[in-house]
Amino acid sequence: MGEETGSREQESKITPRARDYAQWYQDVVRCADLAEPAEVVRGCMVIKPHGYAIWEKIQAELDRRFKALGHKNAYFPLFIPESFIRKEAEHVEGFSPELAVVTIGGGKELTERLIVRPTSETIIGHFFSKWISSYRDLPLRINQWANVVRWEMRPRVFLRTTEFLWQEGHTAHATHEEAIEETLRMLEVYESFAREFMAMPVIAGQKTPSEKFAGALTSYTIEAMMQDGRALQAGTSHDLGQNFGKAFDVKYLSREGRLEYVWQTSWGVSTRLIGALIMCHSDDNGLVLPPKLAPIHTAIVPIYKSDAERTSVLEACNRLGGALRNKGLSVVVDDRDECKPGAKFFEWERKGVPARVEIGPKDLARGQVAIKRRDGGDRFFVSGDAAADRIVALMDEIQDALRKRALEFRESHTRTCDSFDEFVGIMAGPEGFVRGGWCGDASCEAKVRETTRATIRCIPLNNPKESCPCMVCGKPAGERVIYAKAY
RNA sequence: CGGGGCGUAGCUCAGCUUGGUUUAGAGCGCGUGGUUUGGGACCACGAGGUCGCGGGUUCGAAUCCCGCCGCCCCGACCA
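Next comes the structure, spelled out in structure tokens:
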């Protein structure tokens, strides 16, 4: 290192993925100006405007989808009485190690300690019990946009921070069937959102008992493959059964006059999605954003020498900018005088803007503009009249190209495997997903984890039945599950 | 919590081994002025640091000793 020739390349240097993937990730986050480690608060991050703008886009679309399905937003306290956490046995056990606890308030020791919420099943359970008394109150569908705190051992910006932003949906139903239906419906919302908006294909499936949410009957997940072949859990949906209903006494009187416990679900996605977005599409030049989540769709860079050129070029830039905005795109006309066009190109590239437009004197003379798409390919020229429509169409093309590329990557890094020895070899190499049989035994699952650090990411939904051996013990498995190393 | 690395200007670091020629430096970034502008511009001038914190050794500490704190990386945990 240090053999670079100084200049601004130094501080905006992005480590190539092939050399050090973890460093590359941090470099992209920094160079795209998405977030920075809070430093003064261990494990926490500052989400900077460009990063937060992506989160707002994610929020807007998910919020729209939730509301369309009848969920209503609400907000519950940040603090949870410690006794609440203890009411559901498995829940306490799962979350105890990572709780932040408030012991002093207003200078006085509290009579009951307060937990900074790691998730809100307990406190929402408490209020559900007050709000629900009849089958007529069901189903109850609530969503909360909030921050939560989990004292994780090893934080990573966006992927695993001590405090993170998320949405948590909580619903209560009269029957288990209805709750299961809800759980799967929300999983589907996540799956389609990831595919359609993030251009990120995911595998929707069920977690094994050892990987499920503490307190759930069954947990479902969407698993995405990152560019280093590792899996990232991008969202979860839980069938909570009556576990929290019983712990918090959430009962209703049925039509038949019987007192019953409700069946609940919970589901969530977090700012981790931004990490997923980065590791799914970005390259050695920085962030690559799918147009549907890009805060800025197009950056227009004017090129000029004289003042006269500046005036006419800027006029053309603003005209195109206005036309694009009228078509619903978010546009920046980069008229900063303090940096050269080249510097602007690099900046917008690092920030993942899907399309860049250049307009200079030569273009004005020829009645054209130059366009470069962020996801690859050479710069090309389009007539000024056709530019706006072309760029709008380009957004869909890029969205689609990114999705296809990610899907192809996943397919080409997914292998089918029946032998444990072969599996160990795969996990020692460039990794990826492995479709292998699993007999259902926790000890076989544990052996995989101990020897390779890989885990069963999920049992895919609608999994075809096939006669294959358990990859570990060789007993008949009946279906294949997804094995991978995870973040 | 175990293993490793590191704290000197906004950033990346040099200086520390062998304490004093360092009124603490460099490059990048930042400010002003000028020349520039189709893939990271150049020149000139300038602003900017109680050397992570606390103690100790010494005539003298960024440099040596002790303690503490923090950050990063690798594991176990997780959205």
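Its first residue numbered 3, the first sequence is counted upward by one per residue in our numbering.
A virtual CB, placed ideally from N, CA and C, is assigned to each residue, including glycine.
In the displayed model, residue 365 falls within a helix according to three-state DSSP. Note: residue 397 is not bridge-paired with any residue in the DSSP secondary-structure output.
Between residue 459 and residue 428, the CB-CB gap reaches or exceeds 8 Å. Under the three-state reduction of DSSP output, residue 227 falls in the strand class. DSSP, read as helix, strand or coil, puts residue 415 in coil.
When the alpha-carbon of residue 140 is set against those of 121, 255, 237, the nearest one is in 255. A distance below 7 Å between beta-carbons, with the five flanking residues on each side excluded, links residue 216 to the following residues of its chain, in chain order: 92, 93, 95, 96, 97. Closest option to residue 210, judged by alpha-carbon separation, among 351, 307, 446, 142: 446. Counting of Cβ neighbours within 10 angstroms places residue 25 among the exposed residues, the total staying below 16. The C-beta distance from residue 181 to residue 241 rounds to 6 Å, short enough to fall under 8 Å. Cβ contact annotation for residue 189 (same chain, cutoff 6 Å, sequence separation greater than five): 206, 222, 239, in chain order. Out of 307, 409, 277, 363, the CA that lies nearest to the CA of residue 38 is found in 277. Contact between residue 394 and residue 329 holds, with the beta-carbon distance rounding to 5 Å and staying under 8 Å.
Taken in chain order, the unbroken stretches of beta strand (DSSP E) that lie wholly in the region 246 to 286 and span 3 residues or more are 253 to 255, 261 to 263, 265 to 272. Comparing alpha-carbon positions, the option among 312, 169, 174, 36 lying closest to residue 297 turns out to be 36. Less than 8 Å divides the Cβ of residue 114 from the Cβ of residue 84. Using a 10 angstroms sphere on the CB of residue 131, the tally of other CB atoms reaches 16 or more, which defines it as buried.
In the three-state scheme derived from DSSP, where H, G and I count as helix and E and B as strand, residue 316 is classed as helix. Here residue 106 is exposed. Its C-beta has fewer than 16 other C-beta atoms within 10 Å.
The Cβ-Cβ distance between residue 377 and residue 371 does not fall below 8 Å. By the C-beta density criterion, residue 341 is exposed, having fewer than 16 other C-beta atoms within 10 angstroms. In the structure shown, residue 101 adopts coil according to DSSP, grouped into three states. If you check the CB distance, residue 479 and residue 470 come in under 8 Å.
Considered as a whole, the region 17 to 66 harbours 23 to 33 as its complete alpha helix (DSSP H) runs of no fewer than 4 residues, in chain order.
By DSSP's assignment, residue 222 forms a beta bridge with 208, 239. A distance below 8 Å between beta-carbons, with the five flanking residues on each side excluded, links residue 409 to the following residues of its chain, in chain order: 203.
Here residue 433 is not near residue 274, since their CB atoms are 8 Å or more apart. Cβ-Cβ separation between residue 224 and residue 237: approximately 5 Å, consistent with a contact (criterion under 8 Å). Distance from residue 473 to residue 435 at the Cβ level is roughly 13 Å; contact not present, criterion being Cβ atoms closer than 8 Å. Classified as exposed, residue 261 has fewer than 16 neighbouring CB atoms from the shown chains inside 10 Å of its CB.
Assignment of residue 168 by DSSP, reduced to helix, strand and coil, places it in the strand class.
The three-state reading of DSSP puts residue 446 in helix, counting H, G and I together.
Counting along the chain, no beta strand (DSSP E) covers residue 474, and no H or E run does either.
The Cβ-Cβ distance between residue 303 and residue 354 does not fall below 8 Å. In this structure, residue 170 keeps its C-beta atom at 8 Å or more from the C-beta atom of residue 46. 150 is the residue among 31, 150, 58, 61 whose C-alpha sits nearest the C-alpha of residue 80.
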